[in-house]
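A.B. asks: Next up is a structure, given as structure tokens.
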Ligand code: S3P
């Protein structure tokens with residue numbers, strides 16, 4: 359039975375890499391945010407806006423406990439998932455956790471290109487606020503992320519060809 363759990367900051371490519379890895383390994387792919395949206399019939403951004411972050415973190419933990427019971431899956435988590443409750447220890451018990459690590463500059467670039475509405479950075483991309491925000495919050499989150507069983511540097515992953523290289527590196531690291 360295989361269960362691979364990808365973690366990392368927003369914009370590190372968890373969903374993109376997770377989907378490709380699952381395809382390569384013939385596993386099911388689950389994105390925790392999408393799973394939450396399906397189960398609650400609401401966008402993550404709406405849950406944040408209407409019920410607040412604390413409520414979102416409760417739902418997120420509950421849904422993590424559903425998804426991380428599934429077998430033969432690749433799961434990509436939200437950027438904050440490892441940093442609340444005992445989620446990181448739980449994920450380490452449930453599967454092969456991988457931290458997709460990237461520099462604040464690369465994350466910033468990816469987030470500026472992205473289309474997803476991310477409540478935590480809404481409106482921050484305008485006046486040069488985004489990079490300092492990422493630097494600060496990444497520093498706070500990294501102690502949680504570094505508890506993952508595997509760490510993979512994805513800073514160079516900026517086009518499709520490099521995704522393939524990243525998948526190869528990941529498979530070597532995970533021996534799958
Ligand atoms: C969050 C990251 C988001 C989503 C929510 C909160 C965070 O997921 O779960 O907006 O706290 O970093 P992605 O990392 O997939 O953007």
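Numbering (the working numbering), first residue to last: 359 to 534.
Idealized CB from N, CA, C, for every residue including glycine.
(1) Looking at the structure shown, is residue 509 part of a helix, part of a strand, or coil, going by DSSP?
(2) How about residue 402 and residue 436: are their beta carbons less than 9 Å apart?
(3) Whole beta strand (DSSP E) runs in the segment 392-449 with 3 or more residues, listed along the chain?
(4) Note down the Cα distance separating residue 455 from residue 361, rounded to an integer number of angstroms.
(5) Check the DSSP bridge columns for residue 455 and list the partner residues they point to.
(6) Taking Cβ positions, are residue 371 and residue 514 nearer each other than 9 Å?
(7) What did DSSP end up calling residue 389 once you bin it into helix, strand or coil?
(8) Would the beta-carbon of residue 402 be found less than 8 Å away from any heavy atom of the ligand S3P?
(9) Grouping DSSP H, G and I as helix and E and B as strand, with all else coil, what is residue 483?
(10) Excluding five sequence neighbours on each side, which residues of the same chain lie with their C-beta closer than 7 Å to the C-beta of residue 393?
(11) Report the CB separation of residue 365 from residue 440 in whole angstroms; it is logged as a contact under 8 Å.
(12) Checking 9 Å against the spacing of the C-beta atoms, do residue 450 and residue 419 come in under that value?
(13) In terms of alpha-carbon separation, which member of 363, 427 and 375 lies closest to residue 517?
(14) When burial is assigned at 16 or more other CB atoms within 10 Å of the CB, is residue 534 buried or exposed?
(15) Considering only residues of the same chain and omitting the five flanking positions on each side of residue 481, which have a CB-CB separation below 6 Å?
(16) Write down the C-beta distance between residue 385 and residue 447 rounded to the nearest angstrom, noting that I regard them as a contact closer than 8 Å.
(17) Which of the three DSSP states is assigned to residue 464 in this structure?
C.D. replies: By the coordinates alone:
(1) strand
(2) yes
(3) 431-434
(4) 9 Å
(5) 363
(6) no
(7) strand
(8) yes
(9) coil
(10) 421 and 425
(11) 5 Å
(12) no
(13) 375
(14) exposed
(15) none
(16) Not a contact, Cβ separation roughly 23 Å.
(17) helix
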